[in-house]
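Structure first, then comments.
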Amino acid sequence: MKKFLAALILPAAIFAAAAENPIYKMYSDEIMFSVSFNDTLEADMANGKGEVRRILTKTPVSYKPGMFGKAVFGVVPMYFSEGNVDTTVPGSVVAWAAPTWSQEVTKKEPGFSIFGVHAASKDQIYDLIFGKMPNQPWKKGHLNAYVQYPRLKKVTSCILWNQGMVYQWPAGQWHMFVVTWGNGTISYSVDGKKSAVSELREILAAKPQWFTIRADSFVVDELTILNKRLTDAEIAKLYQESLKAAKK
2 MKKFLAALIL
12 PAAIFAAAAE
22 NPIYKMYSDE
32 IMFSVSFNDT
42 LEADMANGKG
52 EVRRILTKTP
62 VSYKPGMFGK
72 AVFGVVPMYF
82 SEGNVDTTVP
92 GSVVAWAAPT
102 WSQEVTKKEP
112 GFSIFGVHAA
122 SKDQIYDLIF
132 GKMPNQPWKK
142 GHLNAYVQYP
152 RLKKVTSCIL
162 WNQGMVYQWP
172 AGQWHMFVVT
182 WGNGTISYSV
192 DGKKSAVSEL
202 REILAAKPQW
212 FTIRADSFVV
222 DELTILNKRL
232 TDAEIAKLYQ
242 ESLKAAKK
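First residue of the sequence shown: 2, per the working numbering; consecutive thereafter.
What follows is the structure in structure tokens.
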């Protein structure tokens with residue numbers, strides 16, 4: 002069973018038909034925040050506040066079949082960062098997402114983002130975001146995780162050139178995204194493959210103020226934030242165990 006805020010106990014029958022995400026057993030002690038989107042935007046686990054701070058979209062929230070149980074689409078919720086994510090120490094975010102677009106050939110590939118953290122202090126402002134930059138040439142697009150420093154007008158980009166060939170992804174096909182940070186670098190992996198790693202322009206010293214989950218162009222399921230930086234071996238194992246559990 003999944004772990005719930007305030008030790009809430011629900012009847013097992015509710016989740017009997019849904020597979021369990023193995024991340025809950027594999028990293029139970031490292032989870033800072035986790036949301037499964039089973040008919041709610043509220044977190045299943047949270048070291049800080051688990052409720053939504055604000056919703057940034059006006060479209061109705063919808064829940065669709067997910068990788069594990071249900072998933073969310075049509076909404077961009079903002080959450081409280083305190084206790085739930087800390088980019089000043091090593092950590093990871095893991096998310097499952099599936100595109101909703103048509104595979105019709107166009108001049109440019111679509112872009113998207115799934116997760117973003119905003120941090121600010123009197124000395125530093127930055128945003129950590131992952132997804133894919135828009136307006137890339139058809140069949141030549143690549144996935145990006147990046148840290149943007151508005152004051153410096155500089156960006157650290159972590160690029161996956163051949164791992165996420167997004168134009169080949171049909172609507173409804175699930176993919177696992179993992180971004181890690183710590184020790185002056187960030188990394189980006191998709192579907193358990195070897196991470197791309199980039200050195201940061203500046204150490205992430207400012208504390209996060211909020212974070213968002215973007216389920217507007219992708220259906221998003223099972224987003225989990227860990228206070229541990231996953232290795233490539235751990236990412237690959239988590240991906241394989243997840244496919245087995247979900248029978249995908």
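The beta-carbon is built from N, C-alpha and C at its ideal position, and this holds for glycine as well.
In terms of Cβ geometry, W175 and F81 do not form a close pair [threshold 8 Å]. Residue environment analysis places I187 among the buried positions, since at least 16 neighbouring C-beta atoms fall within 10 angstroms of its C-beta. In the structure shown, the three-state DSSP call for M166 is coil.
Taking a C-beta distance under 8 Å as the contact criterion, T58 and V76 qualify as a contact pair. Every beta strand (DSSP E) stretch that sits fully inside the stretch 90–147 and reaches 3 residues is listed by chain position as 92–100, 113–121 and 126–133.
Following the DSSP letters along the chain, one finds Y25 inside the alpha helix (DSSP H) bounded by residues I24 to M27. Judged by their CB atoms, E203 and Y150 are nearer to each other than the 8 Å cut-off. Around D124, the same chain offers A206 and A207 as residues with beta carbons nearer than 8 Å, after the five sequence neighbours per side are excluded. The continuous alpha helix (DSSP H) containing A234 extends over residues D233 to A247. The Cβ-Cβ distance between G49 and E43 does not fall below 8 Å. By the Cβ rule, the stretch 151–167 does not count as touching the stretch 214–222, because fewer than three pairs are nearer than 8 Å.
Taking C-alpha positions only, P111 is separated from H143 by approximately 11 Å.
Ranked by Cα distance from N228, the options F74, P78, V95 and N145 are led by V95. Beta-bridge partners assigned by DSSP to V76: A216. Between the beta-carbon of C159 and that of S199 there is about 4 Å, and that keeps the pair under the 8 Å contact cut.
Judged by DSSP secondary structure, T181 falls within the beta strand (DSSP E) whose first and last residues are H176 to G183. Ranked by Cα distance from G185, the first of A121, H119 and G92 is G92.
Annotation for W170: P100 place their beta carbon closer than 6 Å to its own, counting only its chain and skipping 5 residues before and after.
Cβ-Cβ distances below 8 Å link K248 to A20 in the same chain, with the five nearest sequence neighbours on each side left out; the list follows chain order.
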